[in-house]
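Protein chains in written order, with our numbering: chain A, 1 to 195; chain B, 1 to 354.
Structural data, given as structure tokens:
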């Protein structure tokens, strides 16, 4: 897993609520055994017509918008548990998703794959959408150690919640299995005492 | 499907799987929830899972269900009240007399859709109906082992003074056959209700986008709406009880000419059982396509897809954009509502037949 500590980038705005994992990566593209290559089918049916030509009006096909931060409406990532949703965003180059609410399983999957979901209040999210509308190149700075997200044009800052353990994992590029195996003895003792 | 059928799923277990509908097993009083691929790896490597403790929610449904109203209608009704994100961060216990009176199949349908309101899991305390279902199955404990297990299972219920972070109460009598009109399972109405209006910035745009995709408008009713496809299947509603209900209803009737209707059993065991009871014949004679067991048109992974722009009344669990194929328009409903729709070629109220 790649480390993520500080990030400064322009944003891709997706002001839609309840974006589900079937939109992020439709089921027919799940037939792969590695995590690579899913980015090309990210938001496939919003991004391309059935004849594979790009849909002009979809945000990912608008060259004005780019960057490694996706800003989305509330309840992002609802639906299936497919981890491919996180993989496809990551593979596309997204490192941070900012929304006012994340679906549970998606949030966990994202954190397990070095993709940082940042939950902000509705007012900040609206403000961020407005700033991006004014200037698509507006820069947003994310600091994992400080747990802050800052809009450089207006200086507005928000701090965000992040599980201390997950924070450590993100900054160091650790994964859960390394951690669990390091406390294997304690787990076995616990199991033994309960049976 | 097959965990319960084989008796592998037993009260008190913790069950995880890389499928968000793992919550189905909660019907047996298990802690069951879907996980991502990395977490599956974690379980296989360590037999453990790192989690933060979920909040507790109880949903009570008391009273008598109307005739023609099934467990699918209960859960679609609950989700329409709580929205597609209303359960996020929670584990749910379903309780109340209307839940207690359901068969195990009906309970599985309820727990299955917990994730459609964002809850990782949903469970129902095990009781005699649960024990009777498990007893005698291939991997269930036998003889005195079963008695011992049952004694333990009987202790698995919430204490009278248990405290929940959130609690909801609904009356079974208020629930009518349910339908979804939008592109998430929270966008549901009772059959006689009109599609609502939503206003307010971001929510309004998403709502309009959903209705535009579905080709429907606020104020419309779904009753009488013509339909192109009917899909009876998925881990929500493809158990033997579902197939029996559908077969009983369509016996001697014919699927409307404008409708392409299929029945897909949830497992080989269900398929074989249906064939041994002659249900496949009844369904085929009525004009349904009786297919091989599997997920099929629930998520359009194989060739079973609904063409763009066409309407499908489906007994599955998700009406997301493109879920049943690019451009497909899904209306979620109970197996009885789906069967009646297939026969008439348009959405009807199943209660008029009863």
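Glycine included, C-beta positions come from ideal geometry on N, C-alpha and C.
Query, Result
"Whole-angstrom Cβ separation of residue 35 of chain B and residue 18 of chain B, contact assumed at under 8 Å?", "6 Å"
"So residue 168 of chain B is in the beta strand (DSSP E); what residue range does that whole segment cover?", "166–171"
"With a floor of 4 residues, list each alpha helix (DSSP H) that falls wholly inside the segment 27–83 of chain A, ordered by position along the chain.", "44–47"
"Going by the DSSP bridge assignment, what does residue 20 of chain A pair with across the sheet?", "A/78"
"Residue 116 of chain A and residue 140 of chain A - do their beta-carbons sit closer together than 8 Å?", "no"
"Taking its Cβ as the centre, do 16 or more other Cβ atoms sit within 10 Å of residue 64 of chain A, making it buried, or is it exposed?", "exposed"
"Under 8 Å by Cβ, that's how I've got residue 55 of chain A and residue 173 of chain A pegged, so tell me the actual separation to the nearest angstrom.", "So it is not a contact: roughly 36 Å between Cβ atoms."
"Would you call residue 40 of chain A buried or exposed, if buried means 16 or more other Cβ atoms sit within 10 Å of its Cβ?", "exposed"
"Threshold first: 3 residues or longer. Then list the beta strand (DSSP E) segments lying entirely within the segment 97–172 of chain B, N to C.", "121–123, 166–171"
"Quick check: the Cα distance between residue 152 of chain B and residue 130 of chain B, rounded to an integer number of angstroms?", "13 Å"
"Candidates B/300, B/48, B/57, B/349: which alpha carbon is nearest residue 158 of chain B's?", "B/57"
"Answer with yes or no whether the minimum CB distance from residue 15 of chain A to chain B is below 8 Å.", "yes"
"Using a threshold of 8 Å, state whether the C-beta atoms of residue 274 of chain B and residue 243 of chain B are closer than that.", "yes"
"Does DSSP put residue 45 of chain B in a helix, in a strand, or in coil?", "helix"
"With a threshold of 16 other CB atoms inside 10 Å of the CB of residue 25 of chain B, please say whether the residue is buried or exposed.", "buried"
"Under 8 Å: do the segment 342–354 of chain B and the segment 58–71 of chain B share three or more Cβ pairs, one atom per stretch?", "yes"
"Here's a check: name, in chain order, each residue in its chain whose Cβ is nearer than 8 Å to the Cβ of residue 94 of chain A, leaving out the five neighbours to either side.", "12, 68, 69, 70, 115"
"Starting from the C-beta of residue 340 of chain B, find all residues in its chain whose C-beta is less than 6 Å away, skip the five residues before and the five after it, and write them out in chain order.", "348, 350"
"Return the Cβ separation of residue 44 of chain A and residue 29 of chain A in integer angstroms, given the expectation that the two are a contact with Cβ distance under 8 Å.", "7 Å"
"Can you tell me which of A/106, A/100, A/72 puts its alpha carbon nearest to the alpha carbon of residue 87 of chain A?", "A/106"
"Taking 8 Å as the cut-off, decide whether the C-beta atoms of residue 357 of chain B and residue 94 of chain B are in contact.", "Chain B is shown from 1 up to 354; residue 357 of chain B falls before or after that span and cannot be answered."
"Please look up how many angstroms separate the CB atoms of residue 258 of chain B and residue 345 of chain B, rounded, as I've assumed it's under 8 Å.", "5 Å"
"Closer than 7 Å by beta-carbon distance: list the chain A residues that pair up with residue 254 of chain B, in chain order.", "Going along chain A, no residue has its Cβ under 7 Å from residue 254 of chain B, so there is no contact; the nearest lies around 32 Å."
"Within the continuous beta strand (DSSP E) that includes residue 150 of chain A, where are the two ends?", "148–151"
"If you draw a straight line from the C-alpha of residue 215 of chain B to the C-alpha of residue 316 of chain B, how long is it?", "20 Å"
"Give the secondary structure of residue 2 of chain A by DSSP, where H, G and I count as helix, E and B as strand, and everything else as coil.", "coil"
"Under the rule that 16 or more other beta-carbon atoms within 10 Å means buried, what is residue 154 of chain A, buried or exposed?", "exposed"
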